[in-house]
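Here's the structure, in structure tokens; my notes come after.
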Amino acid sequence: MNISLIAAVSKNQVIGTKNTIPWKLFDDLVWFKKNTLNKPVIMGRITYESIGVPLPKRINIVLSNKKHNNTDIIWVSSIKEALLATKSIGSFKEIMIIGGGEIYKQFLPLANKLYLTQINIKVTGDTYFPTLNYKKWKLIFNKYKESDENNKYSFYFKIFTKIYTKT
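No gaps in the numbering here: position 64 of the sequence shown is 64 in the UniProt record's numbering, and each next residue is one more.
As structure tokens, then:
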């Protein structure tokens, strides 16, 4: 099973501020939906609360130490539980890690694929994507998108796969 992280990231690694995304990019929402539909998505409680509802046509798994009653969500308290929950539901080729910052940081060592929207802006924020060692990742997809009426900023859609080295 592939573990993939998907995130939109500013030039200075910001992914959020005050539990919101600090930009509106229509094409990034389309990209996110296309790459997460019909897959399990794992997120932290704060990310779930910022979205406000379970994402449709996806299996929503939320990491939280707090008890919750929403039965449309699979609530877990550890990475191990999240991965076991995914396996118990069915056989999936890919699970998507959708945030936030701490969840990305915890799953990054386990990930073998990254879907990054790299936005050509620097913004102030309080939540960051972890620093990547690009020597460990191979760029396999790179598409530039100019700013337009639906996308205030220009950006790149990038996909990376982990480089495995023999030891």
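Ideal placement from N, C-alpha and C gives every residue a C-beta, glycine not left out.
These figures come from a predicted structure and were not determined experimentally.
Practice task
Have a look at N19, D72, K158 and flag the residue whose alpha-carbon is nearest the alpha-carbon of Y134.
Solution key: Considering only alpha carbons, the answer is K158.
Exercise for the section: Look up K85 in the DSSP assignment and say whether it is helix, strand or coil. Expected result: First, the residue type needs correcting, since residue 85 is Ala and not Lys in the sequence shown. For A85, the secondary structure class from DSSP, reduced to helix, strand or coil, is helix.
Handout entry: Neighbourhood of A82 by C-beta distance below 7 Å, restricted to the same chain and skipping five residues each side
Key = Hits under 7 Å: I42, I61, L63, V76.
Handout entry: Selected residue, minimal CA-CA separation from D28, among Q118, L139, K162, K138
Key = When each option's Cα is compared against that of D28, the closest is Q118.
Exercise for the section: Measuring alpha carbon to alpha carbon, tell me which of V53, R58, P54 ends up nearest residue 168. Expected result: The question about residue 168 has no answer, for the chain in this structure spans 1 to 167.
Practice task
Would you tell me roughly how many angstroms separate the C-alpha atoms of K24 and E49, rounded to the nearest one?
Solution key: About 18 Å.
Exercise for the section: Grab the span of the alpha helix (DSSP H) containing N35 for me, first residue to last. Expected result: Run containing N35: 26–36, per the alpha helix (DSSP H) assignment.
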